[in-house]
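> For what it's worth, this note's numbering labels the leading residue of the sequence shown as 75, then goes sequentially. C-beta atoms are modelled at their ideal positions from N, C-alpha and C, and glycine is treated no differently. Just so it is clear, the structure is predicted and the values come from calculations on it, not from any experiment.
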Amino acid sequence: MRTLLLISAVCLVLISAASARPEYAKKENQKCSYCHINYAAGYFTYRGMYYKLHNRSFASFDNFAEAKLAGVAPDSEGNASTPTNDDYPNVSVPAALNFTMKDIQGNPVKLSRYEGSVVMVVNVASKCGNTPQYKSLEALYEKYKNKGLVVLGFPANDFGAQEPGTDKEIKEFCEATYKVQFPMFSKITVKGEGIAPFYKFLTEKATNPKFGGPIEWNFAKFLIGRHGEVIGRVKAGTDPMSNSVVMQLEKALASIR
Numbered sequence: 075m076r077t078l079l080l081i082s083a084v085c086l087v088l089i090s091a092a093s094a095r096p097e098y099a100k101k102e103n104q105k106c107s108y109c110h111i112n113y114a115a116g117y118f119t120y121r122g123m124y125y126k127l128h129n130r131s132f133a134s135f136d137n138f139a140e141a142k143l144a145g146v147a148p149d150s151e152g153n154a155s156t157p158t159n160d161d162y163p164n165v166s167v168p169a170a171l172n173f174t175m176k177d178i179q180g181n182p183v184k185l186s187r188y189e190g191s192v193v194m195v196v197n198v199a200s201k202c203g204n205t206p207q208y209k210s211l212e213a214l215y216e217k218y219k220n221k222g223l224v225v226l227g228f229p230a231n232d233f234g235a236q237e238p239g240t241d242k243e244i245k246e247f248c249e250a251t252y253k254v255q256f257p258m259f260s261k262i263t264v265k266g267e268g269i270a271p272f273y274k275f276l277t278e279k280a281t282n283p284k285f286g287g288p289i290e291w292n293f294a295k296f297l298i299g300r301h302g303e304v305i306g307r308v309k310a311g312t313d314p315m316s317n318s319v320v321m322q323l324e325k326a327l328a329s330i331r
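#1: From Asn-164 to Pro-206, what distance separates their C-alpha atoms?
#2: Locate the beta strand (DSSP E) running through Met-175, then write down its first and last residues.
#3: Can you tell which of Met-175, Gly-302, Tyr-124 and Lys-284 has the C-alpha that lies nearest to the C-alpha of Val-308?
#4: Looking at the structure shown, is Gly-152 part of a helix, part of a strand, or coil, going by DSSP?
#5: Alpha carbon to alpha carbon, how far is Ala-230 from Asp-313?
#6: With Gly-122 as the anchor, note down where its alpha helix (DSSP H) starts and where it stops.
#7: Would DSSP call Ile-244 helix, strand or coil?
#8: Where do the ends of the alpha helix (DSSP H) carrying Lys-295 lie?
#9: List, from N- to C-terminal side, the beta strand (DSSP E) runs of 3 residues or more that fit wholly inside the stretch 194 to 252.
#10: Compare the C-alpha of Thr-263 against each of Tyr-252, Phe-233 and Ala-280 and name the closest.
#11: For the stretch 152 to 162 and the stretch 180 to 195, state whether three or more C-beta atom pairs, one from each stretch, are separated by less than 8 Å.
#12: So, helix, strand or coil for Gln-322, using DSSP?
#13: In the DSSP assignment, find the unbroken alpha helix (DSSP H) run with Pro-182 in it and report its ends.
#14: According to the neighbour-count rule (16 or more other Cβ atoms, all chains shown, within 10 Å of its Cβ), is Asp-136 buried or exposed?
#15: Between Glu-324, His-128, Ser-131 and Val-195, which has its C-alpha nearest Phe-272's C-alpha?
#16: Which stretch, first to last residue, makes up the beta strand (DSSP E) that contains Val-254?
#17: Measure the beta-carbon distance from Ala-170 to Val-304 and round it to whole angstroms, keeping in mind my assumption that it falls under 8 Å.
#18: Ordered along the chain, which non-local residues of its own chain (more than five positions away) have a Cβ less than 6 Å from that of Ser-210?
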């Protein structure tokens with residue numbers, strides 16, 4: 075009986091410690107397990123470390139990007155989630171990648187996760203004469219992704235109302251028609267009033283003096299190098315698998331990280 079009571083007492087202490095809701099869990103209106111399991115006992119997740127160090131909401135939390143900046147593995151726990159980068163969380167990010175966008179499923183994605191890769195940014199549409207470029211974009215991605223290329227598709231309905239669908243419809247179309255596997259994002263505006271800040275950066279001469287200028291049509295392409303600098307622009311009508319584009323990409327991919 076005494077042993078049973080002792081075990082019950084221990085279990086109660088463990089449950090109480092694990093269920094504690096520290097200040098930042100309360101702010102998020104989340105259970106303690108949302109960010110850590112038992113912080114008092116030294117057992118926690120990287121999500122918990124993020125909040126403790128940044129003291130801001132998880133609304134724009136990108137586990138992959140933040141863990142990369144901190145020098146830890148995503149979803150790491152316990153001592154393994156302690157940042158190895160001495161500068162974290164005050165890590166500088168290249169201006170062209172210092173944006174958080176929502177992917178096509180609504181999850182926040184910090185573009186800083188792509189630093190070190192060569193990035194092709196494309197404003198896409200489902201009902202355009204250029205829509206078959208999806209096939210070339212996917213072929214390009216499959217051919218070079220293991221060498222560091224990533225293609226980012228940003229649906230936009232700004233030209234001829236040629237992207238009228240919802241994110242769900244766009245995703246289904248891309249996967250069913252062109253077997254798209256490269257990252258796709260939520261529909262945005264790429265020109266004029268309401269332009270997404272990322273595209274405002276890419277198109278303004280003040281922030282992108284070499285390659286800035288209004289988007290001309292669906293499937294215009296920007297190239298961002300391994301160090302986060304804008305290194306090129308490809309016209310909307312140019313096929314991504316054309317020799318000129320492939321040569322430019324191979325040169326960028328050959329650069330040292």
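According to the structure shown:
#1: 42 Å
#2: 174 to 176
#3: Lys-284
#4: helix
#5: 19 Å
#6: 120 to 128
#7: helix
#8: That residue, Lys-295, is in no alpha helix (DSSP H); its beta strand (DSSP E) goes 295 to 298.
#9: 223 to 229
#10: Phe-233
#11: no
#12: helix
#13: Not the alpha helix (DSSP H): Pro-182 falls in the beta strand (DSSP E), residues 182 to 184.
#14: buried
#15: Val-195
#16: Run containing Val-254: none; DSSP gives neither H nor E here.
#17: 6 Å
#18: Asp-313, Pro-314 and Met-315
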